[in-house]
Amino acid sequence: MATDQAHRRHVIDLDDFAADELEEILETTESMKEVLSREIKQVPALRGRTVVNMFYEESTRTRISFELAAKALSANVVAFSARGSSVEKGESLIDTVRTLQALGTDIIVIRHHQSGAPYLAAQHFRGSVINAGDGRHAHPTQALLDLFTMREKLGQIRGRKVVIVGDIIHSRVARSNLWGLTKLGANVTLCAPPTLLGPEAYWTGTWPEVTISHRFDAALEGADVVMALRIQKERMQGGLLPSLREYSRAYAITPERLARLGAQTLIMHPGPMNEGVEIWPEAVSAPNAVIEEQVTNGVAVRMALLYRLAA
Ligand code: CP
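To convert, note that position 112 of the sequence shown is 407 in the working numbering; the numbers rise steadily by one, no gaps.
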């Protein structure tokens, strides 16, 4: 699979991106944001190209923002849901991808509950594949919109302290953010109870710069960004938490913790949120919360990626 930006065909994760390429995508995102601020929010960059959004798992933000992004670039956009398709008759992912190729698809956007599904699709597709979230492996476009939002608000990412708190063991958002944030020079702290972190050696072995903490109040000292992750009840195998109330007391962004944080500390969440579990409503609506801006920036980031892959 090609990895340098001149020949990039696929976006499976951010592990094979150099810092320069990440910066270029963030700059292209700024241009796309300018397009979206116009009265006519559409340019002809992908006219005549076909983008198929293949969603094998639920999504609101990612699915809709990819659709809006492709339409803003004038692509032909087709929504594919596993439900109601020949997948229900047993058609494999490989055969589905080959079928989409035979139908003239240029770019496949894929979300799948199985880690590795976008990589498999990329091996059997002559066009481009973008990972829209696979299992607990990766969610590169979420990480890019998070990076863009941080850079837009903080000016630069290098040297900033970013605390990612919550259900880290199940989080593809945490993994992709770790690649992006460390490549751009942020100081990342992962904070979770041991059962929601898994083996520390995995994290420090893959990202040696990362700091691990089990004490949220201590981890918040000097934070520029606090990113809360959703407790993924659907991926829990049971017994990882004594109770959600216990978890919230130690690890949620509560009104008390919000008051202790500086007004400059960004509050982020990739969504969807469990309000009252990992984040309180007061934190969601705080002036320093940028959760809605993350969603808004998702369209421009995805436009930037579609544009660069099509070019
Ligand atoms: N953050 C995120 O991926 O949200 P959706 O599941 O709604 O796409």
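Glycine included, every Cβ here is placed at the ideal spot set by N, Cα and C.
Where residue i falls: helix, strand or coil (DSSP)
i, result
"Val338", "coil"
"Val424", "strand"
"His407", "strand"
"Ala370", "coil"
"Ser326", "helix"
"Ala605", "helix"
"Ser360", "helix"
"Thr506", "strand"
"Phe443", "helix"
"Asn348", "strand"
"Met296", "With a pLDDT of only 42 at Met296, under the threshold of 50, the placement of this residue in the model should not be trusted, and no figure is reported."
"Leu491", "helix"
"Phe375", "strand"
"Ile320", "helix"
According to DSSP, residues forming a beta bridge with residue i
i, result
"Glu570", "Ile574"
"Asp429", "His407 and Ala433"
"Ile389", "Answer is none; Ile389 lacks a bridge partner."
"Val270", "Not covered by the structure: residue 270. The range shown for the chain is 296 to 606."
"Val584", "Val is not the amino acid found at residue 584; the sequence shown has Ala there. DSSP output for Ala584 lists Ile562 as bridge partner(s)."
"Val306", "Ile425"
"Ile548", "Ile574"
Local Cβ density within 10 Å of residue i, reported as buried at 16 or more and exposed below that
i, result
"Ile389", "exposed"
"Asp441", "buried"
"Leu439", "buried"
"Ser360", "buried"
"Thr355", "exposed"
"His434", "buried"
"Ala297", "With a pLDDT of 41 at Ala297, under the threshold of 50, the modelled position of this residue cannot be trusted, and the question is left open."
"Ala514", "buried"
"Pro565", "buried"
"Ser387", "exposed"
"Glu516", "exposed"
Member of the options whose CA lies at the smallest distance from the CA of residue i
i, options, result
"His419", "Arg304, Gly343, Ile574 and Asp429", "Arg304"
"Ala554", "Thr394, Glu577, Ala397 and Ala313", "Glu577"
"Pro503", "Thr490, Lys478, Phe350 and Ile526", "Lys478"
"Gly422", "Ile459, Ala481, Val346 and Thr591", "Val346"
"Gly461", "Gln337, Val585, Asn569 and Ala606", "Asn569"
"Ile562", "Leu492, Lys456 and Pro489", "Lys456"
"Val590", "Thr501, Gln437, Thr560 and Met598", "Gln437"
"Ala595", "Thr501, Glu362 and Ala545", "Glu362"
"Gly430", "Thr506, Ile574, Tyr414 and Ala518", "Tyr414"
"Leu449", "Ala518, Glu587 and Gly500", "Ala518"
Any chain B beta carbon closer than 7 Å to residue i
i, result
"Asp429", "Checking the listed chains, one finds no chain B in this structure; it contains a single protein chain."
(message) Does the segment 336-356 come into contact with the segment 317-325, if we say contact requires no fewer than three beta-carbon pairs (one atom in each stretch) closer than 8 Å?
(response) The segment 336-356 vs the segment 317-325: no contact.
(request) Flag this pair as touching only if the segment 332-340 and the segment 363-371 have three or more C-beta atom pairs under 8 Å; answer yes or no. (result) Contact holds: three or more Cβ-Cβ distances are below 8 Å.
(request) Tell me, please, whether the segment 326-333 touches the segment 480-498 by the rule of three or more beta-carbon pairs shorter than 8 Å. (result) When C-beta atoms of the segment 326-333 are compared with those of the segment 480-498, fewer than three pairs fall below 8 Å, so the two segments do not count as touching.
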